[in-house]
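What follows is a set of notes on a single structure, which appears directly below.
Chains as they are written, first to last, in my numbering: chain F, 11 to 328; chain H, 7 to 498.
The following block contains the structure:
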């Protein structure tokens, strides 16, 4: 996966075209087959819009067999900063939406994903999954979003408390979102890994900036389109693509990020994230060796990873 | 900048009324001349044989020599804790573990007077506070967490909580006994063993607590107390045999610890600094609010991480609130911590006094209107009169930095949105106060303030059932209450 400076031949959609132009296709379909496919430029997703990366650079995404699938944006530090500004701006409004409303919006995401099942399956297949694996992953991903939609107005009840203090006060504690969360998504499982970390963060009222899998980014690009059409306010989820090695330190050092979730197994990267977190006492959450297809990869404790407990006191009296 | 004078004093208590001295007796206090480290159930001399003095900040006199624990001592203590964890504490039925913790709670209650006096001697805090707040709360923390020991699975739906192993705990000098209880009680209840380092200026009550552990028959090595300064703390944080670090102290040191723990599997909780906003709306109960301001910033000489050190008063009542505040401040008695009439005791150490003085000088240089009470202060010892600055701006250093002393920075505001924005404009997020008689306003403002503990129409209240801890740079994790359990547990 090398950075290229000139446009490569994108075989994915053009391979059949080339073949047909050369007269190698089956004669039957010659009329439709000669049509040149419209190639998609995968852009990043910031503040509800789809800009190109500020870096003006891209990388070529290859299928496991080496075939070039797409050009992906190589996001820069500037892109991250723009995304954090958008996420911070969106935070207050998103956090203060009613839990019921956030649940409905997550449910809407699941609906839109269901609409795009075929697209997600084909993307996962292109990036190396078998059709069966791809279908299982898409099913799991949609169900996971639905699962967290259901938690939107329940986790607070599980994790809050009314505290029987000795003095004459009413005292209660409840979870609140920690703020802007940066997420290094799992490298494997380009779809279920992605939604498994985004859904618990946003259902809890956080906004996030996410770096998609480098080797499996196609679903992230499509997931951004899902978000864009799912009533999720702009800035709540910002999705970047690019090289982890270039962006990891920015994702973990930015001073207006409150928590960083890191989802891979590289011990040096884990240490770097945890070290950088100390700059502004970020909450550093590490998910390593997680099987994102498994039942253990979900639960309200994933929501609590990016929650703060707020305790409020008030006197009881006249 | 001119020093303001207060021409509106309602009653001058310094001249019109005199309080007869009411000193708490120290006759019954038994202190050794020298304290060793408490490791594996015994007091043992430090390997390197070094000691430092702990002094009474109200008299500057030496109280005792305290062992300076080094890396070698920490290693011995961690091994003792590990051994106790593996062979005794983790194998004991939880309900039996609970009984030891209950015993400790009871013994603190029985010796409450002794602990209060020693706390005030060693740390300088007014006996009224150590007697009514620190020591009773320390006992109630042990009592509260004791009961959790055999009920942990009810706290975490769908999980099977297990202890972590050995907890390394580092506590500050502002609430020495209470912080020891905050740390030790949940650690023991969840089945962990402990290596604790008290602050170097206030080690005595933790060492007296060790005597209680002995009397209670707590198995050897379950709690180990290693005294010393920063290097001793670093040795605990960096020891590979530690599974969890719990630290209360400054944000600067908290960041160093968080960094030091990167790449290890050690869990951590950090309770760090604060610069809390205390917000007074026009419709607040003003006299109660003034009491709340005083309690917010002058409690424990202002040596409180959650102190209400930034006061925001709505414009319409600002003049009245400040006038009433000055009147109230004039009644505060600064002096002998052991006198039961004393409101504000001694500043904990010479270093802290210098830090307060230098930040106040910065405040004066930056142009704030400065007012300090006219009370007398003793000639020996470390003291600082209650001080307020008004007319300061958001960018003033005394508004942004934690002073950790009896110094209040006052700003005014017009609208709710404005004060929420100003209150949240800080890297900290530990606590806040809101004063208004309008219930809906309370909930609007408390939900928008980015802080972990919010007092509405009250301030600086603490309870073992009530979780405490900060947002943002004020720390990670919670201590106290049900939420204070998970930092000491792993979940399967």
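Glycine is no exception: its CB is placed at the ideal position from the N, C-alpha and C atoms.
These numbers come from a predicted model, not from an experiment.
Counting only runs of 4+ residues, the alpha helix (DSSP H) found wholly inside the stretch 54-96 of chain H occupies 77-90, in chain order. Each of H:341, H:372 and H:403 was checked against the Cα of residue 25 of chain H, and the nearest Cα belongs to H:341. A residue is called buried once 16 or more other Cβ atoms fall within 10 Å of its Cβ, and residue 415 of chain H is buried on that count.
By alpha-carbon distance to residue 441 of chain H, the top candidate from H:379, H:339, H:353 and H:323 is H:323. Taken atom to atom, the span from the alpha-carbon of residue 483 of chain H to that of residue 162 of chain H is near 16 Å. Listed in chain order, the alpha helix (DSSP H) runs fully inside the stretch 262-318 of chain H are 292-304, counting runs of at least 4 residues. Taking C-alpha positions only, residue 139 of chain F is separated from residue 218 of chain F by approximately 27 Å. Looking at H:129, H:298, H:330 and H:329, the one whose alpha-carbon comes closest to that of residue 316 of chain H is H:298. Boundaries of the alpha helix (DSSP H) harbouring residue 278 of chain F: 277-287, taken from the DSSP string. Listed as beta-bridge partners of residue 272 of chain F by DSSP are F:194 and F:296. Listed along chain F are 291 and 293, each with a C-beta nearer than 7 Å to that of residue 482 of chain H. By the C-beta density criterion, residue 123 of chain F is buried, having at least 16 other C-beta atoms within 10 angstroms. The Cβ-Cβ distance between residue 71 of chain H and residue 39 of chain H falls below 8 Å. With the criterion set as a beta carbon lying under 8 Å from some beta carbon of chain F, the stretch 394-419 of chain H has no members that meet it. In terms of Cα proximity to residue 377 of chain H, the closest of H:336, H:400 and H:362 is H:336. As a beta-bridge residue in DSSP terms, residue 82 of chain F pairs with F:69. Excluding sequence positions up to five before and after residue 260 of chain F, its CB lies within less than 7 Å of the CB of 87 and 90, all in the same chain and listed in chain order. Counting only residues of its own chain and dropping the five nearest sequence neighbours on each side, residue 309 of chain F has no CB closer than 8 Å to any other CB. In the same chain as residue 296 of chain H, and ignoring 5 residues on each side of it, the C-beta atoms closer than 7 Å to its own belong to 327, 330, 331 and 334, in chain order.
Using a CB distance cut-off of 8 Å, residue 299 of chain F does not count as an interface residue toward chain H.
Just so you know, the alpha carbons of residue 148 of chain F and residue 176 of chain F end up roughly 51 Å apart. Residue 85 of chain F is positioned such that its CB atom lies closer than 8 Å to that of residue 257 of chain F. Non-local C-beta neighbours of residue 356 of chain H in its own chain, meaning closer than 7 Å and more than five positions away in sequence, comprise 388, ordered along the chain. Shown here, residue 320 of chain F sits in a strand according to DSSP, grouped into three states.
The beta carbon of residue 58 of chain H is closer than 6 Å to those of 72 and 74 in its chain, skipping five residues each way along the sequence.
If you check the CB distance, residue 121 of chain H and residue 110 of chain H do not come in under 8 Å. When the beta-carbon positions are compared, residue 481 of chain H and residue 158 of chain H stay at least 8 Å from each other.
Nearest Cα to residue 327 of chain F within the set F:255, F:179 and F:286: F:179.
If you look at residue 130 of chain F, you'll find it in the alpha helix (DSSP H) that goes 127-136.
For the pair residue 270 of chain F and residue 171 of chain F, the CB atoms are not nearer than the 8 Å cut-off.
Interface with chain F (8 Å Cβ-Cβ cutoff): residue 320 of chain H is excluded. Between residue 151 of chain F and residue 116 of chain F, the gap from beta carbon to beta carbon reaches 8 Å or more. Contiguous beta strand (DSSP E) elements confined to the stretch 174-240 of chain H occur at 199-203 and 229-231, taking only those with 3 or more residues. The distance from the Cβ of residue 467 of chain H to that of residue 323 of chain F is about 5 Å, consistent with a contact at the 8 Å cut-off. Contact annotation for residue 471 of chain H against chain F: 173, 174 and 175 [CB-CB distance below 7 Å, chain order].
Look at residue 187 of chain F: its C-beta is not under 8 Å from any C-beta on chain H.
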